[in-house]
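Student: Residue numbers (our numbering), protein chains in the order written: chain R, 10 to 584; chain W, 644 to 1223.
Quick reminder that beta carbons are idealized off the backbone N, C-alpha and C, glycines included.
Source: prediction; values computed, not measured.
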């Protein structure tokens, strides 16, 4: 119910359109239903040979003509308005969803899969739009149709109308009966179909493995078993469900016949005219339609509401609030971390008592096993997450007292995942400096050693790049160039080279070296060769710094670092 | 498309009976207005209540006969449509199993999956609807028209004009809006990809403080989508009002002309009612027909896509018998070149080498250098474009498929296990393996403790894609799976990458004890350092060939790779080349 109110709230901006749509719907329904009455009256004027009232007929027919053209035009306008309302409601929902993404805490985004959020914003919104459209066009007109039809029918013949009213539920019961009985088959069908899809994904998705082991025939046999079952359930499900229409139609035909029979008797007793009978006959057919429509609209609307709920639950997640407007004018690159603790999950301590002093220009490396808190530390530096206790200061300012934008503007960041936008090379490079000139860009490319491959691209900076245009190494070079162009005061390299092979890594090492020159840098790496030149290596384990120092001093210490290092580079000699 | 019809062969009877019974039902539908006209013209005018009652009984009888015809039709239609699709799906699945790596690469597994699932379902729906309705709707439309000619020729022309007009309106709206709907779909895809981009790039966007620009870009796409959608909506919204207006204006004309005929005595009042009812039937059926044609059109497109897969034949054929082996060389490459079907350049140029039985071959090089390609040529997953690949001195093309596959155990890069017990997975390459053999293989692959740690051990159920195992565990099990086959040649295609260095070393030590020809692909020099022969690949070229010691003397690329992994051994004067 709450969801319905929220949806209505979204529609509120369009309230005048909605009011107009409702008005038009009422008018068109009445006109549409009134037309058969006029047709019936017209038929009553054609009685027998030489007994036709042409002047009254012409009058009624021209009235009809005017009505029909009017109905047509109004129906079209109504449809266009309905489209407008639903499309704009969904458009606004999507727009605010995207704005929402920008201010949602990363805690939420990290915890929810991209696919899930995308499907809320795209598929669920689409479903909501379809549901709303159907609801608008059919639910409302359906209800009006039923009442107006009943009114007109009663005005022609009370007895026939009562007959129709009594018989209608029969058709419903028939439809319900079939639906409940085909449900079990549908369930079996979808279960089996699910199993079959899983098998297909496994055997066809991994077709190469199947071939490598000569397993093709076994795969085909397994498929045959499921496919045969599916055939049986599917045939039954399709057959049972396809009975609904013929059965309800048969019930309607019987009602139709009854109306004709009783109508004829009433005419004989002068309680009805032939035109009146033709009206009732056409109403008897039409009267059923809105009921069927409404029942399908209700399911559709329920579905739409379920989707709306998923969208709203996303939209109502708490966002990050900017409590300050203070910004850092210039950043020297000194960072001071005092007594910091952090937990993703309140019950599980991750980072505890973290202390670190970084002077401008220092190169800090973080190493340690997976899950030790390296990336979390980066998240805290960038204020992607806020510390639980303690303070992080840049140039003496607590970053909690600065705007997030101001904090982030101090850093340039290169991550393991080389995220590039779909667009040209240039679009991607100027991401951090929108008004960079062509010379500046090329200069940065040369500094970052990416110019060598960019100049070989078909349109150089204007080459349009998609997912697979570039190799992993080239993508990473673009990410480095992107940061190089923005010239931030400090750098964060989070597993920046782990996706590329060691030789390529060495080849782009120069680019990194240029980038890090004179800048405070934080480097996270699992390959220890990458971080040997750091001023301070922090060895982390379970959220704590357990060793620190430079490479040589740590090796001499023969502690955890030395063990890590040896396991990567020393080969057991027994082979 | 037509070729698919052979799968309908077993359902000939059903495919004919379904539409036939549907037509029978339609025929009874067509009689209804005539019966009502009889009631009005004869029954009411002559005040003959028994006649009226008889006509009523006819109406009821027709309704019931219509219902039974329809049930029979639905039964045969579902039987035929589902049966056909089942056969088609099986044939498609079997066909896909017969394709070679080249076809799998070009067409991609994702395509196969879509064809087997959603395309086949769409074909089933389309065929089911077509069998039931494709003949029925036109039959009623033209039946109504013929009936109108039987009632009064002078009025019947209104029907002809109306039907033609309706056809034009319905189909031109469809023809105009369908391509526009495709455009709308494209616009929606843009919105979708931007949404995804905003989520996957959230850290970068925030780090560069580009939130507002992203919102702006999204809003542009969103607005464009909405506008297009509204535009198409305006056109397709014409359908109902236009058909409504046409049919009703036709009715006005019908009554007007009817009035003249009634006045002349050529037509009875009940006939006008009958004609009026026929008019109503026509519009309902035409709109049904239009939506039916959309569905069938989609199904035909799906059927064509399925057909196009069935038309692809495997590019690799095998001889009926394997030639006798006659050499001590386990694997020989003789001036081998290879180019992927979709690639514009060769992936391997002129590769020649050979290793003896029981020896170890190491292959090293950067990502994309062609390491896996070499390995894939050995079991003939692909055929060399030039040159000869031989096993035991025999060209791989002279082996039967079974003999070749039996000889080689491959551990692919991606550790893939299937849903089922560990035992089932282990037996994939060797159905007759005993538990003892499986345990031995697990021991060799350093996977024994993995299995021992699971409930039920060999009976432990692996979930789809091995979700309930870690990367390292999966990798070890896939290695064991290759050992269970007990092949002559073991190929490890960068398969130790998910193992830690110590396990990797133990695995290599274990491999030495079984004295099988072994091919190891790796990016780690430590993994291949001890091989009898090392191939160094760079961009498809064999830039070095020899033992570790030889390569350290004469192969610059090998030295670069080695020093990138063992920087403390790098001499001060060693220079790296730049990234191309």
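1) Out of W/683, W/736, W/767 and W/893, which one is the CA nearest neighbour of residue 756 of chain W?
2) From residue 1155 of chain W to residue 1174 of chain W, what does the alpha carbon distance come to, in whole angstroms?
3) How far does the alpha helix (DSSP H) with residue 900 of chain W in it extend, from its first residue to its last?
4) When the Cα of residue 334 of chain R is compared with those of R/135, R/409, R/284 and R/402, which residue comes out closest?
5) Can you check which of these residues, W/861, W/851, W/806 and W/847, is closest to residue 832 of chain W by C-alpha distance?
6) Just the C-alpha distance for residue 542 of chain R and residue 376 of chain R, rounded to the nearest angstrom, thanks.
7) Output the residue ranges of the alpha helix (DSSP H) runs that lie fully inside the region 318-390 of chain R and measure 4 residues or longer, sorted by chain position.
8) Is the CB-CB distance between residue 1101 of chain W and residue 1064 of chain W below 8 Å?
9) Please go through the same chain and pick out, in chain order, the residues whose beta-carbon is closer than 7 Å to the beta-carbon of residue 921 of chain W, but skip the five residues on each side of it.
10) Does any CB atom of chain R fall closer than 8 Å to the CB of residue 779 of chain W?
11) Identify whether residue 402 of chain R lies in helix, strand or coil by the three-state DSSP scheme.
12) Between the Cα of residue 59 of chain R and those of W/740, W/1024, W/647 and W/903, spot the shortest distance and give me the residue it belongs to.
13) Tell me the DSSP bridge mates of residue 419 of chain R?
14) Taking the alpha-carbon of residue 703 of chain W as reference, which of R/221, R/266, R/194 and R/256 has the nearest alpha-carbon?
15) Under 8 Å by Cβ, that's how I've got residue 1164 of chain W and residue 1185 of chain W pegged, so tell me the actual separation to the nearest angstrom.
16) Pull the bridge partners of residue 992 of chain W from the DSSP assignment, please.
17) Using only alpha-carbon positions, find the residue among W/1131, W/905, W/1060 and W/670 that is nearest to residue 1111 of chain W.
18) Could you round the C-beta distance between residue 734 of chain W and residue 665 of chain W to whole angstroms and report it? I think they count as a contact, below 8 Å.
19) Would you say residue 682 of chain W reaches chain R, if we count a Cβ-Cβ gap shorter than 8 Å as a contact?
20) I want to verify the contact list: residues of chain R whose CB lies under 9 Å from the CB of residue 591 of chain W, in sequence order.
21) For chain W, find out if any of its Cβ atoms is closer than 8 Å to the Cβ of residue 211 of chain R; answer yes or no.
22) I want to see whether chain R comes within less than 8 Å of residue 1011 of chain W, judged by CB atoms only; does it?
23) Examine chain C for any beta-carbon lying closer than 8 Å to the beta-carbon of residue 869 of chain W, and answer yes or no.
24) Mind listing, in chain order, the continuous beta strand (DSSP E) runs of no fewer than 3 residues lying wholly within the region 1134-1206 of chain W?
25) Looking at residue 944 of chain W and the ligand PLP, is the gap between the Cβ and the nearest heavy atom below 7 Å?
26) Decide if the region 478-494 of chain R is in contact with the region 449-463 of chain R; the criterion is three or more beta carbon pairs, one per stretch, under 8 Å apart.
27) Closest to residue 900 of chain W by CA distance: which of W/659, W/1073, W/884 and W/918 is it?
28) Extract the residue ranges of the beta strand (DSSP E) inside the region 456-544 of chain R, only unbroken runs of 3 or more that lie entirely within it.
29) May I ask you to report which of helix, strand or coil DSSP gives residue 955 of chain W?
30) DSSP state of residue 655 of chain W, grouped into three classes?
31) What separation, rounded to the nearest whole angstrom, lies between the Cα atoms of residue 846 of chain W and residue 952 of chain W?
32) Among the residues of its own chain, which have a CB less than 7 Å from the CB of residue 1081 of chain W, if the five just before and after it don't count?
33) Applying the criterion that 16 or more other CB atoms from any shown protein chain within 10 Å of the CB defines a buried residue, is residue 368 of chain R buried or exposed?
34) In terms of residue numbering, what span does the alpha helix (DSSP H) encompassing residue 734 of chain W cover?
35) In the DSSP output, which residue or residues are listed as bridge partners for residue 1064 of chain W?
36) Do you know offhand how far residue 433 of chain R's Cα is from residue 851 of chain W's?
Tutor: Let me spell this out:
1) Here residue 756 of chain W is taken as the residue at index 113 of the second chain, counted from 1. Measuring from the Cα of residue 756 of chain W, the nearest candidate turns out to be W/736.
2) One-based indexing of the second chain puts residue 1155 of chain W at position 512. One-based indexing of the second chain puts residue 1174 of chain W at position 531. Residue 1155 of chain W and residue 1174 of chain W have their alpha carbons spaced roughly 10 Å apart.
3) By one-based count along the second chain, residue 900 of chain W stands at place 257. It spans 882-907 - the alpha helix (DSSP H) in which residue 900 of chain W sits, taken as one unbroken run.
4) Numbered from 1 along the first chain, position 325 holds the residue referred to as residue 334 of chain R. For residue 334 of chain R, the closest C-alpha among the options R/135, R/409, R/284 and R/402 is that of R/409.
5) To locate residue 832 of chain W, count along the second chain from 1; it is residue 189. When the alpha-carbon of residue 832 of chain W is set against those of W/861, W/851, W/806 and W/847, the nearest one is in W/861.
6) By one-based count along the first chain, residue 542 of chain R stands at place 533. By one-based count along the first chain, residue 376 of chain R stands at place 367. A direct Cα-Cα distance of roughly 13 Å separates residue 542 of chain R from residue 376 of chain R.
7) 383-390, all fully within the region 318-390 of chain R.
8) Counting from 1 along the second chain, the entry for residue 1101 of chain W is found at position 458. Counting from 1 along the second chain, the entry for residue 1064 of chain W is found at position 421. In this structure, residue 1064 of chain W lies closer than 8 Å to residue 1101 of chain W by Cβ.
9) Indexing the second chain from 1 puts residue 921 of chain W at position 278. Result list for residue 921 of chain W: 676, 787, 790 and 791, in chain order.
10) Locating residue 779 of chain W in the second chain gives position 136, counting from the first residue. Residue 779 of chain W does not count as touching chain R.
11) One-based indexing of the first chain puts residue 402 of chain R at position 393. Strand, per DSSP.
12) Counting from one through the first chain, the residue named residue 59 of chain R turns up at place 50. It is W/903 whose Cα lies nearest to the Cα of residue 59 of chain R.
13) Numbered from 1 along the first chain, position 410 holds the residue referred to as residue 419 of chain R. BP columns for residue 419 of chain R are empty, so no partner.
14) Along the second chain, one-based indexing puts residue 703 of chain W at 60. Across the set R/221, R/266, R/194 and R/256, the C-alpha of R/266 shows the shortest separation from the C-alpha of residue 703 of chain W.
15) The residue given as residue 1164 of chain W occupies position 521 in the second chain. The residue given as residue 1185 of chain W occupies position 542 in the second chain. With a Cβ gap of about 14 Å, residue 1164 of chain W and residue 1185 of chain W do not count as contacting.
16) Counting from 1 along the second chain, the entry for residue 992 of chain W is found at position 349. Per DSSP, W/1184.
17) The sequence position of residue 1111 of chain W within the second chain is 468, counting from 1. The option with the nearest alpha carbon to residue 1111 of chain W is W/1060.
18) As a position in the second chain, residue 734 of chain W is number 91, starting the count at 1. As a position in the second chain, residue 665 of chain W is number 22, starting the count at 1. In this structure, residue 734 of chain W and residue 665 of chain W do not form a Cβ contact; the two beta carbons are roughly 28 Å apart against a cut-off of 8 Å.
19) Here residue 682 of chain W refers to the residue found at position 39 when the second chain is read from its first residue. Chain R contact via Cβ: present.
20) With chain W covering 644 to 1223 only, the question about residue 591 of chain W has no answer from this structure.
21) As a first step, residue 211 of chain R is located in the first chain; it is residue number 202 there, counting from the start. Yes, contact with chain W.
22) In the second chain, residue 1011 of chain W corresponds to position 368, counting from 1. Yes, its Cβ sits closer than 8 Å to a Cβ of chain R.
23) In the structure shown, chain C does not exist; the protein chains are R and W.
24) Considered as a whole, the region 1134-1206 of chain W harbours 1160-1165, 1176-1181 and 1184-1189 as its complete beta strand (DSSP E) runs of no fewer than 3 residues, in chain order.
25) Within the structure as shown, the ligand PLP is missing, as the structure has no ligands at all.
26) Contact holds: three or more Cβ-Cβ distances are below 8 Å.
27) In the second chain, the residue the question calls residue 900 of chain W occupies position 257. Answer by Cα proximity: W/918.
28) For the region 456-544 of chain R, whole beta strand (DSSP E) runs of length 3 or above, ordered along the chain, are 499-503 and 529-533.
29) Here the question's residue 955 of chain W lines up with position 312 in the second chain. In the three-state DSSP reduction, residue 955 of chain W falls in the coil class, being neither helix nor strand.
30) Along the second chain, read from residue 1 onward, the residue named residue 655 of chain W stands at position 12. Helix, per DSSP.
31) Here residue 846 of chain W is taken as the residue at index 203 of the second chain, counted from 1. Here residue 952 of chain W is taken as the residue at index 309 of the second chain, counted from 1. Whole-angstrom Cα-Cα distance: 42 Å.
32) On the second chain, residue 1081 of chain W is found 438 positions in, with the first residue counted as 1. Answer for residue 1081 of chain W: 1066, 1069, 1101 and 1127, listed in chain order.
33) By one-based count along the first chain, residue 368 of chain R stands at place 359. Looking at its Cβ environment, which holds fewer than 16 other Cβ atoms inside 10 Å, residue 368 of chain R is exposed.
34) Counting from 1 along the second chain, the entry for residue 734 of chain W is found at position 91. Residues 692-741.
35) Here residue 1064 of chain W corresponds to residue number 421 of the second chain, with the count starting at 1. Per DSSP, W/1104.
36) The residue labelled residue 433 of chain R in the question sits at position 424 within the first chain. The residue labelled residue 851 of chain W in the question sits at position 208 within the second chain. Going by the C-alpha atoms only, they are around 18 Å apart.
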